[in-house]
Amino acid sequence: MHVSDLLRLNGASFVETAYSIILKRQVDRSGLDHFMNRLASGDSKEAIIVTLATSAEAKGSRIDLIGLPTLIRKGGKSPLRRFLRFFSQIRDMRRQLARIEYIVSQQENILAGSAIHSPIMVEDRSAGHAHVRVSGDDLHNTLVSIQDSLSNTAYDADLFIDSFKKTIRSSPLFFVMSH
Amino acid sequence: MKQIIQAALDTSFKGRIIQVTEALDRADAVSNQLIELDRVFSAMGFDSIIASKWHHEDVSSYRVNLDDVYITESDIVIFHSCGYTEHSGPWAARQYCTKVILYHNITPHELFSEDSDLYKFCKLGREQLAEFVPQFHYFWGDSQYNLDELIELGARPDRSFVVPIVVPPAPLVSFNLSTRKIPGNWVFLGRVASNKGQVDLVRLFARARKRNPDAAKHLTIVGGFNPSDDYYNRLLSEIAQLGLTQDVTITGKVSDERREQYLREAQFYVALSVHEGFGVPLVEAPLRGLPVLALDRAAARETMGGIGLHDDEDSLLQALFALRGNDSDYQDLVKAQAANASRFTRSSVSEKLACALASILPVKGFYKSVSVVICTYNRRDYLARCLDYLQCQSNPNFEVIVIDGPSDDGTKELLDSWRGRIKIAENGLRNLSISRNLGIELSQGDIVAFIDDDAIPFDNWIDRILEEYNSRPLLTKALGGPAFFAGTLRFQSEDIGIDRHGNAWLNIPRHEVGQGEWLRSCLGTNSTFVRHYLMDGGGFDEQFDYYLDESELCLRMQLQGALIGYAPEVIVRHEFAQSHNRKGRYNYDWKTIAKNTCYYVAAYSGLSGEELRSNLKQRLERERVLPLKGAFENGEISKSLYENALDSLKKGMEQGLLDAKSWPKTRKLKSASEPFSPFSLRSGYKAVGRDIPKLHICIVTKEMPPFVPGGGIGTLYYHLVSELLLMGHDVSIVVPGVEQKAVRQGPLTVHYTQSRWIEVPGMDAGLNHNMTWSITALHQVIRIHQERPVDVIDSALWDAEALAIAVVNRLERPPLVVRLVTPFSVVAAMNGWKVQPRVSRLFNNFEKELIENADAIIPISEKIASTISKAHRTEPNTRWHQSYCGITYWPLFDVNEDYNDLPELKGLGADHLENSKIILFIGRLEKRKGIDLVVSAVPAILASDPHARIVIAGSDPDGWQHHFAHMIPADAMHRVHFLGMISDAVKEKLLARAYCLLFPSRYESFGLVPLEAFVHGVPVVASRSGAIPEVVLDDVCGILFDENDSDMMAGAVRRLLTDERLHHRLSQGALARVRKLSSRNSAQSTLSIYQTLISNPEAIEQ
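As structure tokens, then:
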């Protein structure tokens, strides 16, 4: 595998694959949490690869990852980010990227959580789990009207909230209250 | 119906009464009785059902299909027996519930000709009846005559009751029906069959006619017949031979109206039946002014109360002639017989029925008290916790008995502090069954409930136990429930099956219990028994020092005819803690396990000799040796451990087979004289069901371990949910998922909710995501609310997950509680996120809107309250109720992590841990966490005590380990250990060995790590920043230093190292502090906030 192949992966699957190639083992819960947090707080994937590859655990083992020595020499900085450093006015792009990566990682987290538990959940146990099916029409309609009504207000925070409130309050989503 | 209700039993029985018959017919005495009893049961308030295989269309509305009925152990099945049944009898016999035979009599087959269908039907029927009797529990007959037959077949007389057939009063007749009595008219009702004696009746009629033709003008035989039946044809030829063709009518089956007419036109009802189990027409006739003259055979005497009976035909005929001539005697007889009929009115039968039911069902409040028995051995802290939580029970009618094994870990001192409030006994042997039997002997409650010392009962445990026993038939002699496995929020097991080989079937489907080999067992840590039954039956078999103890008792009880119930709402939380029998994942007491398995199988399987031996060998190989071998080959266990295990299994097997020779090892239990001694409950504690209503709480969160991994918010909700469940509330959690599904574990339901993505053009992706999720969550909560009303919704500020819920008008949704955690702006600043100002404003507006619309705001610390009010320029008001997070005040050591065994960690060996004072730092090695302060303080700390050792655990993205090497003298460096990232299990184990914890963090919204240290009595040296001073009280459970002052930090550690008394005091303070910030206290304060919202919805508006 080439480093660039590994870098193409995101979130949990990136961490899992990095572990399996570099440390030759499955990632543990705390490891996964830690590196997901690092990704969330803005660390680059390159840096994480370097951390793993230079860790005590990896010491002495042969790592089949083409391009790794170069990456270690560069200290885990991605070419894109080295390029960005030339433009001090957009230096903070790195943090911006990191935040987006955090958002992606949240999605991954959901996937990871579901993937871990679904084999237990779907098992058919008559006394156990009720499966719920959602028609989703009301939800879908609400989302579409939110999309319509907010499209023009996304640039104005106050208008946005107002519009959001109105749409929710007039949507087909309502509680059937007994009082 | 009013009288029936008066006769009804005062009971809380909640099962169903299911009457079973092969075919429900119309105009048939047995079918009529089913329908009558169904009415009576319903009038008594029971859930009553008739189930049949076949039915007549006219009565289809009364019954359901037999194959569609699923029985639970709470139900009562009443099988109506009156002949051979292909379906209903065998069906009823194999149900696992209270079973009653209601016997209507099967005519002896000898009365029929051998080649007739009736002969076969009755012969097979009687053979089947003999097979059924041992499989049923109670025996009802519509006459003592019938009952005696069952008793002869082995029915227990004390469980046998007469439940007569209901004979309703004569109906009013329409005007066009002739009801004038015609002198000389005889009538008899009954299917044409030899036991009914119709041939003899025709002969008698002929004799009477000969003597006086006016006395016997016409004979009507009302009843169905089979034209090809021998007896019917004999009857026809008899009539022809006697020349009575014109004078005898055989009607066949007739309408009710015709039947009425025949009864009312006749002068005499004459019955020469030789065999009747009851004889409904014998009661019906006098109710229509018609006297009955019958032979004194079978149940006729009982039915007729002895009035109008005759030994033979001659005396019967004589009486008939006498009555003809004496109208007053005629009327007297009718009157006396009609008076006898009152024994069979609905209300009379209801009284009999109530009597019969009284032996099956408990009267309301029959079971009043529980004796909780805890057997313990060297688990002082767990025992303390169990006793602590028992004080929160909602029902006070219980006592606590602790049986202490030969403990030497301070358990005795703990028990001394409880003396007077609980009953205590000692068992010098490490034998659980002996301990349990000692507990039974000390108990005085109606129910004995066993809970393990490492378990915690739900607050409504006692209440539910009593309620369950009081709502089930009396045959329920034991009852078990599920256990939440600590740390997982999942059931360790629910219903359990057991067989005669000691095989267990975890989570056995309910309908499989009682089928084939499978019977029910209870989880030892949540098993309850009827006390007198235990006392009478010898309690636990004392062979079982550990393993299969409750399984054997459960099996034995069921083989003796008792029922064991499963109650999903009788719940405990179980730790599966370490013990002398269970030291690690593969480190069990294998010898005992093998010994007791073999004893059990030898006692109950029916195998013996070589067959038994080879069966056991294979069994142990498959169940024990193979997994151990796998663990050994994977390097999970050492060779010596593996070999020892094999040796133990072998020895155990031999021992077990030897012990089986003296099976059973039960003993006569003797009740102690000590009276029932009620446990004292925590005063002022508000319990669910007693002081406060049970709530349905819905939590919306993206983090909920172990279902969805997460950080601080996840930890907060994990502890909160655990406690809310223990308190007896229902919790639904809305978490994101890749597919829509609900996972239910008793009172907890996790709703995985699929978020649908829509893109709002121009909107920041993160905001877009948060908004979409909040709308999806709203949708999900609405659906949950539809299924079961939600009392309160709880969510955290982060990502404004409950925004869409918050903006719904306040009175149009359940109240919403929002927990204040670190706001977006602070996290973004701390992490150096660069966010466009307009995006940032939107994030802030989301949070602000959420806070403004929530019904209650819970800042998790005072600091966070001030941070938020500053960030959002909003003043705390009456909706704000500060409440700290809480964690369980005991450590969680997991069997799968080998409990508290700590492997050597990167050069930090066991001897280091034993002989040093470990100064621990846990967290990411970064400035925000104050690692730079640790670097500066290390030399001074190490210099102050030669036994001090610094252990640093956490990821090191910035290479701080390298800095240390430069800044700390080489001779000191060997006392500094860098562990890198550690697992939660290792963290727990390190904290258990730490001398103190360094917590120099520069910002914390709460500070869970110090709390985790307090669990182990570890004092914390912490920075005076963020919310830390609220958690770590200076000079009480730790020492605070000024932010950024590493000298002050080093000084604080030096004081701790050199002043043992100070260390001891702070350590005690730490333990007290975590008790104060316990998850139970936190959940209680949360609940009181919920309460204000629910009890006073108007307050929300203001």
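The listed protein sequences derive, respectively, from chains A and B. Quick note on numbering: our numbering labels position 156 of the first sequence as 156, and the sequence is numbered without any gaps. Quick note on numbering: our numbering labels position 436 of the second sequence as 436, and the sequence is numbered without any gaps. Where a beta carbon is used, it is the ideal one built from N, C-alpha and C, also for glycine.
Looking only at its own chain, which residues have a Cβ that is under 7 Å from the Cβ of methionine 981/B, when we skip the five neighbours before and after it?
Excluding sequence neighbours, methionine 981/B sits near Gly954, Ser955.
For threonine 1092/B, would you say it is in contact with chain A, using Cβ-to-Cβ distances shorter than 7 Å as the test?
By this cut-off, threonine 1092/B is not an interface position.
Glycine 15/B CB to nearest chain A CB: under 7 Å?
It does not: the Cβ of glycine 15/B has no partner Cβ on chain A nearer than 7 Å.
Along chain C, in chain order, which residues have C-beta atoms closer than 8 Å to that of isoleucine 63/A?
The structure shown contains no chain C; its protein chains are A and B.
With 16 other CB atoms within 10 Å as the buried threshold, where does valine 363/B fall?
Exposed, by the Cβ-count rule.
Which residue wins for smallest C-alpha separation from alanine 940/B, given the options Gln961/B, Met973/B, Lys927/B, Pro693/B?
Answer by Cα proximity: Met973/B.
Return the first residue and the last residue of the beta strand (DSSP E) that serine 732/B is part of.
Secondary structure note for serine 732/B: its beta strand (DSSP E) is the uninterrupted segment 730 to 737.
Counting Cβ pairs, one atom from each stretch, are 3 or more of them under 8 Å apart for the segment 440 to 455 of chain B and the segment 531 to 546 of chain B?
At 8 Å Cβ cutoff, the stretches touch.
Within 7 Å of chain A by C-beta, residues of the segment 1033 to 1062 of chain B in sequence order:
The segment 1033 to 1062 of chain B vs chain A, Cβ under 7 Å: nothing.
Leucine 24/B to alanine 216/B, Cα distance in whole Å?
In this structure, the straight-line span from the alpha carbon of leucine 24/B to that of alanine 216/B is close to 37 Å.
For tyrosine 96/B, count the other beta carbons within 10 Å of its own beta carbon; 16 or more makes it buried, fewer makes it exposed. Which is it?
With 16 or more Cβ atoms within 10 Å of its Cβ, tyrosine 96/B is classed as buried.
According to DSSP, is alanine 828/B part of a helix, a strand, or is it coil?
Helix.
Interfacial residues, the segment 23 to 57 of chain A to chain B, with Cβ spacing under 9 Å
Against chain B - using a Cβ distance shorter than 9 Å - the residues of the segment 23 to 57 of chain A are Asp28, Arg29, Ser30, Gly31, Leu32, Asp33, His34, Phe35, Met36, Asn37, Arg38, Ala40, Ser41, Gly42, Asp43, Ala47, Ile48, Thr51, Ser55, Ala56, Glu57.
Quick one: which unbroken beta strand (DSSP E) runs of 3-plus residues sit fully inside the segment 697 to 778 of chain B? Chain order, please.
Counting only runs of 3 or more, we get 730 to 737, 741 to 745, 748 to 754.
Decide if the segment 371 to 384 of chain B is in contact with the segment 407 to 423 of chain B; the criterion is three or more beta carbon pairs, one per stretch, under 8 Å apart.
Yes, since at least three Cβ pairs between the segment 371 to 384 of chain B and the segment 407 to 423 of chain B fall closer than 8 Å, the two stretches touch.
Who are tyrosine 566/B's beta bridge partners in DSSP?
Partner(s): Gly480/B.
Whose C-alpha, out of His729/B, Ala777/B, Asp454/B, is nearest the C-alpha of glycine 740/B?
The amino acid at residue 740/B is misidentified as glycine; the sequence shows glutamine. The residue with the shortest Cα to Cα distance from glutamine 740/B is Ala777/B.
Under 7 Å, Cβ to Cβ, is there at least one residue of chain B near serine 20/A?
For serine 20/A, no Cβ of chain B is located within less than 7 Å of the residue's own Cβ.
Through-space distance from threonine 701/B to leucine 726/B, alpha-carbon basis
In this structure, the straight-line span from the alpha carbon of leucine 726/B to that of threonine 701/B is close to 20 Å.
Within chain B, the residues that valine 15/A reaches when beta carbons sit closer than 7 Å:
In chain order: nothing, as chain B lies at least about 12 Å away.
How would you call tyrosine 70/B, buried or exposed, if buried means at least 16 neighbouring beta carbons within 10 angstroms?
Exposed, because fewer than 16 other Cβ atoms sit within 10 Å of the Cβ of tyrosine 70/B.
Measure the CB-CB distance between arginine 1024/B and aspartate 1042/B and report whether it falls below 7 Å.
Going by C-beta atoms, arginine 1024/B is nearer than 7 Å to aspartate 1042/B.
Output the boundary residues of the beta strand (DSSP E) element that contains lysine 53/B.
Counting along the chain, the beta strand (DSSP E) containing lysine 53/B begins and ends at 47 to 55.
Determine the burial state of isoleucine 182/B: buried for a count of at least 16 other Cβ atoms within 10 Å of its Cβ, exposed for fewer.
Exposed: under 16 other Cβ atoms inside 10 Å.
Do we get a CB-CB distance below 7 Å when we pair leucine 159/A with the residues of chain B?
No, no contact with chain B.
Please report the straight-line C-alpha distance between proline 736/B and arginine 783/B, rounded to a whole angstrom.
For proline 736/B and arginine 783/B, the distance between alpha carbons rounds to 15 Å.
Rounded to the nearest angstrom, what separates methionine 704/B and glycine 561/B at their Cα positions?
One C-alpha to the other measures close to 45 Å.
Alpha-carbon to alpha-carbon, leucine 811/B and glycine 1007/B
Between the C-alpha atoms of glycine 1007/B and leucine 811/B there is a straight-line separation of about 36 Å.
Euclidean distance between Cα positions of asparagine 233/B and valine 20/B
In this structure, the alpha-carbon of asparagine 233/B lies about 34 Å from that of valine 20/B.
Within chain A, the residues that isoleucine 782/B reaches when beta carbons sit closer than 9 Å:
Result: Asp138, Leu173, Phe174, Phe175, Val176.
With a threshold of 7 Å between beta carbons, is arginine 81/A in contact with chain B?
The predicted model places arginine 81/A with a pLDDT of 47, which falls under 50 and marks its position as unreliable; any figure quoted below should be read in that light. It does not: the Cβ of arginine 81/A has no partner Cβ on chain B nearer than 7 Å.
Are there 16 or more other CB atoms within 10 angstroms of the CB of asparagine 845/B, so buried, or fewer, so exposed?
That one is buried.
Hey, is methionine 973/B's beta-carbon within less than 7 Å of any beta-carbon in chain A?
Closer than 7 Å: no.
Glycine 1038/B (DSSP reduced to helix, strand or coil):
Glycine 1038/B: strand per DSSP, three-state reduction.
Chain A beta carbons: is any one of them nearer than 7 Å to that of methionine 981/B?
Output row for methionine 981/B: interface = yes.
Apart from the five residues on each side of it in sequence, which residues of its chain come closer than 7 Å, Cβ to Cβ, to histidine 275/B?
Here the set comprises Thr107, Pro108, Leu111, Asn195, Arg297, Ala298.
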